[in-house]
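Protein chains: 2
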Amino acid sequence: MKKEQIYEFISKQKTAFLASVNEEGYPVLRAMLAPRKICGNEIYFSTNTSSKKVEQYRQNEKACVYFYKRGKIRYQGVAITGEMQVCTDQATKDEIWRTGDRLFYKKGVTDPDYCVLKFTGKHAEYYCDFKIETFEL
Amino acid sequence: MKKEQIYEFISKQKTAFLASVNEEGYPVLRAMLAPRKICGNEIYFSTNTSSKKVEQYRQNEKACVYFYKRGKIRYQGVAITGEMQVCTDQATKDEIWRTGDRLFYKKGVTDPDYCVLKFTGKHAEYYCDFKIETFEL
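First to last, the protein sequences are chains Y and V.
Each position in the first sequence, counted from 1, maps to that position plus 1 in the working numbering.
Each position in the second sequence, counted from 1, maps to that position plus 1 in the working numbering.
Structural data, given as structure tokens:
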């Protein structure tokens, strides 16, 4: 498995899982829609500015992004640790916006409750059939 | 949604997700097979004693257990934060063991590489259709 293959695997998954660390030091986990953009080590998600994860990442940028596929025979998973940045600048919001997003953000692309999570991966672990490979990104 | 319904939801899911906090303070995430036992606020998993998650939980017991279901219309997720205990005592190992486990642990139920993760939940969040309900357990 090469780094490029890991990103190819990620790009095919329909669900992503994000972990943050809350104010009491507990890890917190949630499922997300697939990333909007993957570019080098950067993975972009759209979300609500008012959400708890945004509050948590603003206080502690340490993050994990996880993707997995459970087939009939084989189980594959990729866990990437790195930093999560909350982007509220209009240029980034414009870039990540899709027309259908108006369903969630009534005020459109300038809605203050719409923001972008930009994850920069540093370290990846790929699991397959009980074996682990690690990568520095 | 009542607390009992949350546990009913959990008991139907085939995959669980666990988060720990590693030695550098990053959250780390992985998929797991469904719990072996759910009893009150306690959720039990079987795993390898030599795994990184065991090492991480021994250093920092703070944990999150997550379950989700992504249907055609509705998305539901439950995130429970609490403490994870690594159990290597034979009584707990005996209780959680299943015959098929010999496939993974060649030495059987006394295999030193087989252990039990016992999670005690404190706080739960249930997400459904963009709404969040919280529960103290």
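For every residue, glycine included, the Cβ atom is placed at its ideal position computed from N, Cα and C.
Note that the structure is a prediction, hence the values are computed from the model and not measured.
- Sequence-distant Cβ neighbours of Phe105 (chain V) in its own chain, meaning closer than 7 Å and more than five residues away, do not exist here.
- Runs of the beta strand (DSSP E) spanning 3 or more residues and lying entirely within the region 53 to 101 of chain Y occur at 63 to 71, 76 to 88, in chain order.
- Secondary structure of Phe120 (chain Y) (DSSP, three-state): strand.
- Comparing C-alpha distances from Asp90 (chain V) to each of V:Thr50, V:Asn42, V:Lys13, V:Arg31 shows the shortest one belongs to V:Thr50.
- Beta-bridge pairing by DSSP links Thr16 (chain V) to V:Leu34.
- Bridge partners of Glu43 (chain Y) according to DSSP: Y:Cys40, Y:Thr121.
- DSSP places Thr135 (chain V) inside the beta strand (DSSP E), whose first and last residues are 132 to 137.
- Not a single CB atom of chain V sits nearer than 7 Å to the CB of Leu34 (chain Y).
- Residue pairing by DSSP places Asn49 (chain Y) opposite Y:Tyr115 in a beta bridge.
- In this structure, the CA atom of Ile133 (chain Y) is about 18 Å from the CA atom of Gly72 (chain Y).
- Of the residues Y:Tyr115, Y:Glu84, Y:Ile81, Y:Gln60, the one whose Cα lies closest to the Cα of Asp95 (chain Y) is Y:Tyr115.
- Counting other Cβ atoms within 10 Å of its Cβ, Ser12 (chain V) stays below 16 and is therefore classed as exposed.
- Measuring C-alpha to C-alpha distances from Gly78 (chain Y) to each of Y:Phe46, Y:Ala20, Y:Cys129 identifies Y:Cys129 as the nearest.
- Annotation for Leu118 (chain V): Leu19, Tyr45, Phe46, Ser47, Thr48, Lys54, Val55, Tyr58, Met85, Gln86, Val87, Cys88 place their beta carbon closer than 8 Å to its own, counting only its chain and skipping 5 residues before and after.
- Assignment of Tyr8 (chain Y) by DSSP, reduced to helix, strand and coil, places it in the helix class.
- For Gly26 (chain Y), the number of other beta carbons within 10 angstroms of its own is below 16, and it is reported as exposed.
- Across the structure, Arg103 (chain V) and Cys40 (chain Y) are spaced so that their CA atoms are roughly 43 Å apart.
- Not a single C-beta of chain V is nearer than 7 Å to the C-beta of Phe10 (chain Y).
- Within the region 14 to 46 of chain Y, the residues whose Cβ lies closer than 7 Å to some Cβ of chain V are Thr16, Phe18, Ala20, Ser21, Val22, Gly26, Tyr27, Pro28, Val29, Leu30, Arg31, Ala32, listed in chain order.
- At a cut-off of 7 Å between beta carbons, Thr82 (chain Y) contacts chain V.
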